[in-house]
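Chemist: Sending over a structure as structure tokens; questions will come in a sec.
In the working numbering, the protein residues as written are 18 to 222.
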């Protein structure tokens with residue numbers, strides 16, 4: 018008989034609002050993502066200078082993970098066996114556009130390495146892994162929308178195979194000024210059973 022796994026905490030960022038476990042922890046009226054995400058960074062007293070060099074997708078994913086993992090009182094001084102399973106709709110499209118603009122003018126050809134490095138969606142996984150010393154499995158999937166069935170199956174499989182002690186997974190999407198993050202942590206203990214139904218319920222809350 019397979020063991021049960023549970024959602025221990027979850028974080029959402031969308032519509033100028035940050036919530037943790039269903040409770041609003043930050044909100045402001047900034048219309049643009051840049052101003053909003055800087056306000057979240059300051060309000061959360063996040064101290065990570067490299068944050069300001071990240072692309073928008075990485076900033077979104079990083080802060081959602083940071084808020085959730087800080088709540089778990091994770092020790093960042095030691096290696097943590099937490100796998101990452103992320104997904105979105107637009108891949109790294111927002112950064113890809115910036116890169117394309119930098120190379121399409123043949124007379125002013127100057128592709129920026131600072132932009133090019135973020136033209137893969139899984140780079141945001143690396144940013145989180147560096148901050149929290151995560152050296153377990155990580156994957157980034159592209160879907161039309163949140164695929165709760167795959168997230169549940171894939172994550173539970175990682176835990177069944179002892180590939181990780183916990184899994185941080187969910188949906189992080191950024192395209193122009195549309196942004197949405199929904200991350201949750203899965204472990205062997207908790208109250209909310211990790212399955213397709215509960216993932217969808219929390220996502221739509």
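Glycine is no exception: its CB is placed at the ideal position from the N, C-alpha and C atoms. If you're wondering where the values come from, they're calculated on a predicted model, not measured in any experiment.
Going by DSSP, which residues form a beta bridge with residue 28?
Modeler: Position 11 of the chain shown, counted from the start, is the residue given in the question as residue 28. Residue 28 pairs with 37, 200.
Chemist: Keeping to the same chain, check which residues put their C-beta closer than 7 Å to that of residue 165; ignore five residues upstream and five downstream.
Modeler: Sequence index remark: in the chain shown, residue 165 carries index 148 (1-based). So the qualifying residues of the chain are 213, 216, 217.
Chemist: Between 180, 64, 210, which lies nearest to residue 98 when the distance is taken from Cα to Cα?
Modeler: Position 81 of the chain shown, counted from the first residue, corresponds to residue 98. With distances taken between Cα atoms, residue 98 lies closest to 180.
Chemist: How many whole angstroms separate the CB atoms of residue 16 and residue 50, which I take to be in contact at a CB cut-off of 8 Å?
Modeler: With the chain represented from 18 up to 222, any question about residue 16 goes unanswered, as that position is not in the structure.
Chemist: Starting from residue 176, follow the alpha helix (DSSP H) in both directions and report where the run begins and ends.
Modeler: As a position in the chain shown, residue 176 is number 159, starting the count at 1. It spans 165-177 - the alpha helix (DSSP H) in which residue 176 sits, taken as one unbroken run.
Chemist: Count the other CB atoms within 10 Å of the CB of residue 72; is the residue buried (16 or more) or exposed (fewer)?
Modeler: Translated into the one-based positions of the chain shown, residue 72 becomes position 55. By the 10 Å Cβ count, residue 72 comes out buried.
Chemist: I think residue 81 touches residue 30, with their Cβ atoms under 8 Å apart; what is that distance to the nearest whole Å?
Modeler: The residue you call residue 81 lines up with position 64 of the chain shown. The residue you call residue 30 lines up with position 13 of the chain shown. At roughly 5 Å, the Cβ-Cβ gap stays under 8 Å, so residue 81 and residue 30 are in contact.
Chemist: Nearest-angstrom Cα distance between residue 201 and residue 184?
Modeler: In the chain shown, residue 201 corresponds to position 184, counting from 1. In the chain shown, residue 184 corresponds to position 167, counting from 1. Going from the Cα of residue 201 to the Cα of residue 184 covers about 8 Å.
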